[in-house]
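Participant:
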Ligand code: ZN
């Protein structure tokens with residue numbers, strides 16, 4: 374639970390019984406996301422500030438304890454509950470529903486408490502039964518992989534198959550974007566990052582070329598550029614290196630407020646700049662791709678018990694060492 378910038382605690386809070394239409398899940402693993410790290414370090418993500426104690430976590434998997442499904446069923450949790458009634462929801466763009474609840478988010482007040490808990494109660498329609506054979510430790514990547522798949526789709530239908538694609542930022546989302554691009558048939562995947570360790574992981578999950586940002590030229594034009602670093606520098610690189618008439622997708626979380634970027638290039642080079650926020654149906658695609666053996670294992674670099682959450686968060690912030698850090702909350706208690 375984060376109480377403010379730099380103030381992360383592991384606490385006992387009272388539980389409750391699941392109500393009608395709810396499922397009680399014993400959480401096995403939780404993935405630490407860049408947004409969790411922002412809440413921890415800054416007390417905010419972009420324009421969403423922590424105004425009351427917030428349980429973090431929206432990348433969670435576990436086993437059913439009660440509520441409609443067989444006890445012990447392995448499940449992934451879709452973290453979003455869109456309103457279902459607004460114009461966005463009615464036009465199948467539920468990921469941008471302004472009233473959506475999202476696990477572990479300070480976007481609304483009161484905040485929606487998150488999934489880094491031993492026992493999580495969620496509406497049944499957020500629960501997805503995992504395919505047999507998919508390990509919970511792998512399935513926990515379904516949420517960030519969904520973000521990556523949505524980012525690739527935001528480039529447009531068939532925009533990447535057979536194409537050269539630039540990805541700026543090789544954090545967990547950038548790496549999962551690489552895996553999603555590979556699966557979507559991209560011919561060349563060029564990845565830039567400031568650090569060697571994440572670039573080595575990028576090569577493992579399918580990058581055809583890796584580049585240390587600022588020290589090497591990213592080379593030929595890309596048809597599509599996907600900005601996954603959440604930095605103004607990354608956005609600049611994308612706008613400068615995408616082909617004329619090309620598409621730039623912003624999936625990295627930029628800081629709140631204004632971001633300086635070379636906007637004139639949008640006009641003179643007739644670029645398309647598109648945002649990618651969360652995901653919707655992509656969650657089911659992500660589970661299917663993981664069950665199908667999408668090679669993403671190298672992305673999980675560390676696993677810590679819940680009691681060492683603070684250590685996990687501190688390490689996850691060191692991009693020269695860590696990529697995806699997991700909290701082992703109950704572990705896989707099948708046996
Ligand atoms: Zn809505």
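Residue numbers (our numbering): 374 to 708. The C-beta atom is built at its ideal place from N, Cα and C for all residues, glycine as well.
1. Could I get the ranges of all uninterrupted beta strand (DSSP E) runs contained in the stretch 471 to 505, with 3 residues as the minimum, in chain order?
2. I'd like to know whether the C-beta atoms of residue 477 and residue 523 end up nearer to each other than 8 Å.
3. Suppose the cutoff is 6 Å on Cβ atoms and the five residues either side in sequence are ignored; what does the same chain contact list for residue 388 look like?
4. Pop quiz: residue 689 and residue 434 are said to be a contact at Cβ under 8 Å. What is the actual Cβ separation, rounded to whole angstroms?
5. At what residue ranges does the stretch 389 to 449 contain a whole run of the alpha helix (DSSP H), taking only runs of 4 or more?
6. When every heavy atom of ligand 1 is checked, does at least one fall within less than 7 Å of the C-beta of residue 569?
7. Write down every uninterrupted run of the beta strand (DSSP E) in the stretch 512 to 598 whose length is 3 residues or greater and which is fully enclosed by it, in chain order.
8. Check each residue's C-beta against every heavy atom of ligand 1 and list, in chain order, those closer than 7 Å.
9. How big is the Cα-Cα spacing for residue 408 and residue 626?
10. From residue 464 to residue 452, what does the alpha carbon distance come to, in whole angstroms?
11. Per DSSP, what kind of secondary structure is residue 667 in: helix, strand or coil?
12. Using CA atoms only, rank isn't needed, just tell me which of 573, 649 and 703 is closest to residue 695.
13. Rounding to the nearest angstrom, what Cα-Cα distance links residue 578 and residue 552 in this structure?
14. Does DSSP put residue 677 in a helix, a strand or coil?
15. Less than 8 Å separating the beta-carbons of residue 489 and residue 686?
16. Can you have a look at residue 475 and say buried or exposed, based on whether 16 or more other CB atoms are within 10 angstroms of its CB?
17. Taking the alpha helix (DSSP H) that residue 607 falls in, what are its first and last residues?
18. Report the rounded CA-to-CA distance for residue 639 versus residue 502, giving the unit in angstroms.
19. Please list the terminal residues of the continuous alpha helix (DSSP H) segment that includes residue 701.
20. Hey, how far is the Cα of residue 426 from the Cα of residue 601?
21. Closer than 8 Å is the cut-off here; do at least three beta carbon pairs connect the stretch 660 to 676 with the stretch 634 to 650?
22. Taking buried to mean at least 16 other C-beta atoms within 10 Å of its own C-beta, is residue 670 buried or exposed?
23. Would you call the CB atoms of residue 561 and residue 585 closer than 8 Å?
24. For residue 424 versus residue 703, is the C-beta spacing smaller than 8 Å?
25. Judging by CA-CA distance, which residue of 576, 582, 581 and 613 is the nearest neighbour of residue 594?
26. State the Cα-Cα distance for the pair residue 436 and residue 498, rounded to the nearest angstrom.
27. Count the other CB atoms within 10 Å of the CB of residue 653; is the residue buried (16 or more) or exposed (fewer)?
28. Bridge partners for residue 647 per DSSP, in chain order?
29. Residue 632 and residue 591 - do their beta-carbons sit closer together than 8 Å?
30. Identify whether residue 458 lies in helix, strand or coil by the three-state DSSP scheme.
31. Does residue 689 come out as helix, strand or coil in the three-state DSSP assignment?
Facilitator: Taking the geometry as given:
1. 492 to 496 and 500 to 502
2. no
3. 492
4. Wrong, their Cβ atoms sit about 18 Å apart, outside the cutoff.
5. 407 to 415
6. no
7. 537 to 541, 561 to 566 and 582 to 585
8. 455, 456, 457, 458, 459, 461, 462, 467, 470, 471, 472 and 473
9. 8 Å
10. 20 Å
11. coil
12. 573
13. 6 Å
14. strand
15. no
16. buried
17. 605 to 614
18. 43 Å
19. Segment 697 to 701 is the beta strand (DSSP E) holding residue 701; no alpha helix (DSSP H) there.
20. 28 Å
21. no
22. exposed
23. no
24. no
25. 613
26. 15 Å
27. buried
28. 622
29. no
30. coil
31. helix
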